[in-house]
Ligand code: ACO
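In our numbering, the protein residues as written are 102 to 456.
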């Protein structure tokens, strides 16, 4: 049976390094707090007006395409995971197609908006096209520019210190080699927790309120004086244009769902935790990754952690970590690579790949 294999990987992060100390010019924070709670030492931010989510994605994609041994015009479908597309609409996939100079091919492009789990969802979607024989070269990307939507005042410090910018890409191709390629993907969501990790604006909720949601009371408004716009002064004043997170709730759910879905994926293909050669968790927080690895019983030398350098890059974190590990020679022929993520939605998922 045809499976999808990862034929090429690539990543790109902006040159602009922002250390924890650099953040103290914007907010009351310190290196010790950030490192102790998150493991992050520095992150990358784009230079405004120079790069966008799609241009970062194009740089990562060109590397992946070259390593897959094809030319950009041979790509026949794009799957783009991001929560920070260049525009509210159209999606980032079409901008990436244009950036790669292949708009005249008129290939399809879809955006996946599943935040930190976005790349796992994207891999799952893309692999179905390959398995059915519909496409031969599918470009799968996770990219984010989050630095332009962070509350850099002390009010936003709980979140602003965590997130960074970057892009990772893979090219999927068919393989008939038995036991190789993407063996399985498992995807989950639980919308009851949508407001626990959220950027509510721009959106169509218009002040929609439900007591059970426990969202900040400032979010509850529907006064028509604010007019017909996804963004208004009330929203700007009350930080609704920035991400909001119930960090402790996220932590508790993440450390349960990461191991659960990893085991579910392994069970589906009759493999064990000890069969994993390389574990690539979404780089949410170093403490979460360490906790999850310990709970699963995966030795730390098999776990990829690069959040120290790049922060949490949401949908880009797994493909960046995969490409970086591959470049370092940590992914070898025949290895079992397990990628698992948890994030806003809540959504979570796992993908198992035999290299
Ligand atoms: N610098 C200094 N102090 C800070 C900062 C900061 N950047 N941010 C918050 N604080 C302060 C708070 O104001 C608070 O002070 P107070 O006690 O005087 O009120 C104190 O530190 C504790 O704040 P909490 O928000 O309770 O901090 P907590 O211990 O929960 O740590 C953290 C926050 C790191 C986010 C934690 O909840 C966590 O690890 N959550 C997991 C979620 C996560 O990491 N998500 C990543 C993104 S989501 C994803 O990828 C799935």
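Just so it is clear, CB atoms sit at the ideal spot from N, CA and C, and this is done for glycine as well.
Top-ranked residue by Cα proximity to residue i, from the options
i: residue 440; options: 214, 157, 219 and 127; result: 219
i: residue 213; options: 135, 130, 357 and 448; result: 448
i: residue 211; options: 456, 233, 279 and 223; result: 223
i: residue 216; options: 290, 133 and 184; result: 184
i: residue 491; options: 388, 274, 361 and 425; result: Residue 491 is absent from the structure shown; the chain starts at 102 and stops at 456.
i: residue 338; options: 121, 225 and 319; result: 319
i: residue 382; options: 206, 279 and 421; result: 421
i: residue 379; options: 291, 431, 413 and 344; result: 431
i: residue 205; options: 292, 169, 282 and 173; result: 173
Proximity test, residue i beta-carbon vs ligand 1 heavy atom, cut-off 7 Å
i: residue 336; result: no
i: residue 198; result: no
i: residue 134; result: yes
i: residue 298; result: yes
i: residue 357; result: no
i: residue 440; result: no
i: residue 478; result: Any answer about residue 478 is impossible in this case: the structure gives the chain only from 102 up to 456.
i: residue 407; result: no
i: residue 258; result: yes
i: residue 383; result: yes
i: residue 233; result: no
i: residue 352; result: yes
i: residue 63; result: Outside the shown range of the chain, which is 102 to 456, sits residue 63, and nothing can be said about it.
Chain-order list of residues whose beta-carbon lies under 8 Å from that of residue i (same chain, five-residue window excluded)
i: residue 342; result: 250, 300, 302, 303, 332 and 336
i: residue 147; result: 115, 117, 153, 157, 246, 248, 249 and 266
i: residue 121; result: 130, 131, 132, 135, 136, 141, 142, 143 and 262
i: residue 289; result: 358, 362, 448, 449 and 450
i: residue 376; result: 367 and 437
i: residue 356; result: 389, 392, 393 and 396
i: residue 208; result: 176, 177, 178, 179 and 198
i: residue 200; result: 155, 156, 158 and 159
i: residue 374; result: 363, 364, 367, 397, 398 and 399
Unbroken beta strand (DSSP E) run spanning residue i, endpoints
i: residue 482; result: Here the chain covers residues 102 to 456 and nothing more, so residue 482 does not appear.
i: residue 372; result: Note, residue 372: premise wrong, no beta strand (DSSP E); not H, not E.
i: residue 159; result: Residue 159 -> not in any beta strand (DSSP E); alpha helix (DSSP H) instead, spanning 154 to 168.
i: residue 211; result: 209 to 213
i: residue 144; result: 143 to 145
Residue interval of the alpha helix (DSSP H) (run including residue i)
i: residue 226; result: 219 to 232
i: residue 122; result: 121 to 124
i: residue 420; result: 418 to 428
i: residue 379; result: Unbroken run through residue 379 is the beta strand (DSSP E), 379 to 382; no alpha helix (DSSP H).
i: residue 388; result: 387 to 397
i: residue 134; result: 132 to 139
i: residue 259; result: 258 to 261
i: residue 335; result: 334 to 338
Cross-strand partners of residue i (DSSP beta bridge)
i: residue 278; result: Note: residue 278 sits in no beta bridge, so no partner.
i: residue 107; result: 273
i: residue 449; result: 289 and 443
i: residue 455; result: 282 and 437
i: residue 242; result: 181 and 270
i: residue 296; result: Note: residue 296 sits in no beta bridge, so no partner.
i: residue 176; result: Bridge partners of residue 176: none, in fact.
i: residue 264; result: 413
i: residue 408; result: Partner(s): none; residue 408 has no beta bridge.
Cutoff 6 Å; reference residue i; Cβ partners in own chain excluding five residues on either side
i: residue 221; result: 442, 450 and 452
i: residue 176; result: 238 and 240
i: residue 258; result: 128 and 130
i: residue 386; result: 139
i: residue 182; result: 213, 219, 220, 223, 243 and 416
i: residue 255; result: 128 and 129
i: residue 352; result: none
Residues near residue i in its chain [Cβ-Cβ closer than 7 Å; skip 5 each side]
i: residue 425; result: 112 and 407
i: residue 427; result: 110
i: residue 232; result: 103, 104 and 105
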